[in-house]
Amino acid sequence: VSTQSTGSFKLLSIQLHYLTNLSYQLDLYLSMSLTARGISRIYNNARVSKLCQPLICQNPLFSVRPSSSFARGIFLGEFREEEVFPYPSVLNEDQKETISMMMDAAKTFMEETNDAALNDTNEQIPEEQLDEMRALGMYGLMVPEEYSGLALTNTMYARFCEATGGYDLGLGIHTGAHQSIGYKGILLYGNEAQKEKYLPPLATGEIFACFCLTEPSSGSDASSIKTRAELNEAGTHYILNGAKIWISNGGIAEIFTVFAQTPTKCKKTGEIKDKISAFIVERSFGGVNHGPPEKKMGIKCSNTAEVYFDNVPIPAENLLGEEGEGFKVAMNILNNGRFGMGACLTGTMKMLIAKATDHANSRKQFVSNLREYEGIQQKIARMNLLCYANESMAYMLCGNMDRGAPEYQLEAAISKIFASQAAWDVCDETIQILGGAGYMKDVGIERWMRDLRIFRIFEGTNDILKLFVALNGVQEVGKKLTANGVAAMLDLAQKRVLGIGPVKAKVHADLASSAKNLSEDIAQFNLAVSRQVMKHKKKIIGQQILLNRIGDIAILLQSMAAVISRANAAADKGDTSEIALARAWCSDSHLRIDQFLREMNSAEVTSADQSIVEIGKRALDAGGYAVESPIGC
Amino acid sequence: MSGLRVLVGCKRVIDYAVKIRVRPDHLGVVTDGVKHSMNPFDENAVEEAVRMKQKKVAKEIIVASCGPTQSQETIRTALAMGADRGIHVELAKGEEDLQPLAVAKVFAKLVEKEKPDLVILGKQAIDDDSNQTTQLLAGLLDWPQGTMASVLEHSDGVLKITREIDGGLEDISVKLPAVVSADLRLNEPRYATLPNIMKAKKKKIEKMSVADIGVDVTPRLKVQNVVDPPVREAGDKVPDVSVLIEKMKEKGHLK
């Protein structure tokens, strides 16, 4: 293992340290011996009182209840049901009516005013249209009413995102970069003065906001940013210097949420160290400039630009949150907005599936319509299943956020990874079903493919997020092993594998076998992860092939829980049509989990992994594909 | 007049874009699970009232609807467009077949109660296409009427109305109070913005039943049968005019 790799592993572990510090309740949870019933009781009380509260009250940092995160529990072999069964139901009749009316307004706007194809060609949203969007209230959906917002809950906002996701992703990013991350920091961390000053004009879309974290040499490695903000001698202003790249809305924003290194006095040692702080920066402070709009593969009407800060004087009262706490602020803003993607891409997938289905039903080749061929039926089924699983996870996530779940970062990461990959696959398959027509600009699908590619990259690359999920879980297991001792844990793990009972909540008979598979897979997962943690110990951080398998299993387990719960809830209401979907998804996921588990436990596969890594290294050393042509020239 | 009080009627109907299907019992069309929205002509009516308010010609807009529980959403849409308050005459089971005469009687009672200066209705509902309620209401109230209005102008208690009629356009003037029905070209209805939808939640909707009003709403007409229009059949291509004339004589279209 070269020093270079050790360096990056160390940084990853520091990142993990920061990331898991977000849920310091984790330590609280591990040290408290709360029974499952105790947690349920706290949870049910919270459910009644926290229903439909505005966003800012659901910030996990404000909650001190222990985490009941399903995705965290699976690593420990625990099937935590509180956040999964029954499927969260968080909308009252009034909210449903509001959503219905808003859908009409959004749909009319998207269909009659907005022209996504034109926006793509011109790489811009027409100026006149922005006024209509302001009037529609599209820029302040989750801002409290006293600050001129629409005070939507997370689930209502998600539904709105879904409605627009099937029309124009570029427009979605324009409004999303503004409210989902651009000024979210002010919503979550702003003091009264900051909220009063900035939220009203931002909520009405009078001015735009953007989120400034990424730099030329700091993408995934966000804590390595070089932009600096140093307090002047008088203590009145921070002087900001640096450059940010690929900032959505960077060219049109008036308000910038900027992350910069500030020399901070460590509370414990008194030593001055560079730590990241977050700031609300106004363009009017002077010294703020931006570059031309980037030419992108997709989401072209969304402005993306470099932003330069040249001795920008930031008044000290514009510090967002505590000095030195900026990294947490950044991660929490991203964590808080992630749920939007799952819902938005549900809308995209439904639209694409409709197009593919329409084509399959009407296009005739050889002797029948495409719909008669098994190959097409399989494709359509797969697309529907991906959409179903994604939608189930997306609304489970925001439902739990609305109910005040103290922690949801793993579920949010899982939802983001799944949604972006599923949407890409569905779009790819839609083009395939349409054949040559799918490739043609006029038909319109190719634009969606171009727009969708970025979703696997921004807001936290899928690669990093998967490792984040895996490492979080591995750390949990590590802590438990240290606390309880190896033998005790393994013993417990073995017991679980042999004697896991059916899920405590009642599921319909037809879903019982899926639920049983889920329980057993969770137990097997815990056993397999425990073995690997004991085998590699701290070095597991570098075992990314292994960690990716672990992450993949976690995603599949989460998806199984979501679909079983949702199909069960529908069946409770008398609709058993979803059971077939849930069973099919669980059956396929169970097979894939089984495969991953076997790979994890196989010495042969471990050895094969090593060969792969060697091939990779050699190719990297050679600077590319360095094999001689087989024909000798 | 310091500002007119306007009563606007709206009806919840099957959305114009929906593909209608005849019920298996042939007594109507399928409504279960089908998208419903405000009758398009009623949107014009509400829009006109809101514009009158913006021009300070009207001071209060009351929107009323006779319909099932879900009609509340239609009233809320009107409130989101700018009406001030709503009245929901909620129909019970068995009262759903509310015909124009019954609606006119209900509105006559509402007029008695609210004392508006002007009543604006949509010219016809797109589900029954009756085009009767405005006329019947005017008759019951003994008020002047201006139907199929495409232009409305008010000055000093007199309404100048341009009507779209078969022969073209007709200009009339009526003294208030009057009943008017809105046609498509009267205006371009605004769509309810999200902030207005939120504001509309705070506006009052008064609920009442048909019994509360004391009106006999028994249907006077009974629907016997509802069928799809006959499927269009393929035509015949003929080589020349003489064959055409022969065929037409055969079919009895020419003597």
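Taken in order, these protein sequences are the chains called A and B.
Under my numbering, the first residue of the first sequence is numbered 1, with each subsequent residue one higher.
Under my numbering, the first residue of the second sequence is numbered 1001, with each subsequent residue one higher.
Even for Gly, the Cβ is constructed at its ideal location relative to N, Cα and C.
Taking the alpha-carbon of T175(A) as reference, which of G166(A), F208(A), M156(A) and I186(A) has the nearest alpha-carbon?
T175(A) has its Cα closest to that of F208(A), out of G166(A), F208(A), M156(A) and I186(A).
Look at A423(A) and M349(A) and say whether their C-beta atoms are less than 8 Å apart.
Cβ distance < 8 Å, so A423(A) and M349(A) count as in contact.
Any contact between the segment 66-80 of chain A and the segment 557-577 of chain A? By contact I mean 3 or more CB pairs, one from each, below 8 Å.
The segment 557-577 of chain A and the segment 66-80 of chain A touch, with three or more beta-carbon pairs separated by less than 8 Å.
Within 8 Å (strictly less), CB to CB, does S49(A) reach chain B?
Here S49(A) scores only 32 on pLDDT, less than 50, and its place in the model is too uncertain to base an answer on.
Coarse secondary structure for F208(A), derived from DSSP in three states:
Under the three-state reduction of DSSP output, F208(A) falls in the coil class, being neither helix nor strand.
For the segment 1203-1237 of chain B, enumerate the residues whose C-beta is nearer than 8 Å to any C-beta of chain A, in chain order.
Hits within the stretch: zero.
Assuming contact is defined by CB atoms lying nearer than 8 Å, are D451(A) and G190(A) in contact in what I supplied?
No.
Helix or strand or just coil, what does DSSP make of F458(A)?
Residue state for F458(A) is assigned as coil, using DSSP reduced to three classes.
Top-ranked residue by Cα proximity to M142(A), from N154(A), I433(A), M133(A) and G242(A)
Taking each of N154(A), I433(A), M133(A) and G242(A) in turn and checking the Cα distance to M142(A), the smallest one comes out for N154(A).
From the DSSP output, which residues share a beta bridge with K244(A)?
Paired residues: V307(A).
What whole-angstrom Cβ distance do A970(B) and A1182(B) have, given they're in contact under 8 Å?
Residue numbering for chain B in the displayed model covers 1001 to 1255; residue 970(B) lies beyond these limits and cannot be assessed.
Locate the alpha helix (DSSP H) running through S530(A), then write down its first and last residues.
First-last of the alpha helix (DSSP H) with S530(A): A509 to H536.
Could you tell me whether the Cβ atoms of F309(A) and G286(A) are closer together than 8 Å?
No. Outside cutoff.
Is the CB-CB distance between L370(A) and K416(A) below 8 Å?
The answer is no: Cβ separation not under 8 Å.
Any Cβ of chain B within less than 8 Å of the Cβ of M351(A)?
By the rule that beta-carbons nearer than 8 Å mark a contact, M351(A) does not touch chain B.
Which word fits N92(A), buried or exposed, when buried means at least 16 other C-beta atoms lie within 10 angstroms of its C-beta?
When all chains shown are included, N92(A) counts as exposed.
Does V1148(B) get closer than 8 Å to chain A when you measure Cβ to Cβ?
Here the sequence assigns Met to residue 1148(B), which means Val is not the residue at that position. Chain A contact via Cβ: absent.
Near-chain A residues of the segment 1182-1197 of chain B (beta-carbon distance less than 7 Å), N- to C-terminal order:
Residues passing the 7 Å Cβ filter: Y1191, A1192, T1193, L1194, P1195 and I1197.
Less than 8 Å between C-beta atoms, sequence neighbours within five positions excluded: which residues of the same chain meet that for V1013(B)?
Within the same chain, H1036, S1037, M1038, N1039, A1125, I1126 and D1127 come within 8 Å of V1013(B) by CB-CB distance, once the 5 residues on both sides are set aside.
Might you give, ordered along the chain, the residues of its own chain that have their beta carbon closer than 7 Å to the beta carbon of G337(A), omitting 5 neighbours on each side?
Within its own chain, the residues whose Cβ lies closer than 7 Å to the Cβ of G337(A), once the five positions on either side in sequence are excluded, are S180, I181 and K184, listed in chain order.
In this structure, how does DSSP classify K1011(B) when only helix, strand and coil are distinguished?
In this structure, K1011(B) counts as coil in the three-state DSSP scheme.
On the three-state DSSP scale, how would you describe Y189(A)?
Three-state result, Y189(A): helix.
Taking just the CA atoms, how far does N472(A) sit from G205(A)?
Spanning the two alpha carbons is a distance of roughly 38 Å.
Using a beta-carbon distance cut-off of less than 7 Å, what residues from the segment 1070-1083 of chain B approach chain A?
So the list reads E1073, R1076, T1077 and A1080, given in the order they occur along the chain.
Against S100(A), what residues of chain B qualify as contacts under a CB-to-CB distance less than 8 Å, listed in chain order?
Going along chain B in sequence order, the residues near S100(A) (Cβ under 8 Å) are E1073.
Would you mind reading off the limits of the beta strand (DSSP E) that contains E230(A)?
Run containing E230(A): R228 to L231, per the beta strand (DSSP E) assignment.
Secondary structure at M156(A), three-state DSSP: helix, strand or coil?
Note: M156(A) maps to helix in three-state DSSP.
Would you grab the beta carbon distance between A260(A) and A229(A) for me? Rounded to a whole angstrom, and I think it's under 8 Å.
So it is a contact: roughly 4 Å between Cβ atoms.
Does the distance from the C-beta atom of C586(A) to that of N517(A) stay below 8 Å?
The Cβ atoms of C586(A) and N517(A) lie closer than 8 Å to each other.
Would a check of beta-carbon distances place G172(A) closer than 8 Å to chain C?
Note that chain C does not occur in the displayed structure, where the protein chains are A and B.
Residue ranges of each beta strand (DSSP E) within the segment 1160-1231 of chain B, 3 or longer:
Segments of the beta strand (DSSP E) lying fully in the segment 1160-1231 of chain B: 1168-1175, 1178-1182 and 1205-1209.
Interface positions of the segment 107-120 of chain A facing chain B (Cβ-Cβ less than 9 Å), listed along the chain
Result list: T108, F109 and E112.
Do A554(A) and A619(A) come within 8 Å of each other at the CB atom, strictly closer than that value?
No, these two residues do not count as a Cβ contact at 8 Å.
Quickly, what does DSSP pair C1066(B) with across the bridge? List them, please.
Answer by DSSP bridge pairing, in chain order: V1089(B).
Give a yes or no on whether the C-beta atoms belonging to A1102(B) and L1140(B) are separated by under 8 Å.
No.
For P263(A), name the three-state secondary structure that DSSP assigns.
Correct three-state label for P263(A): strand.
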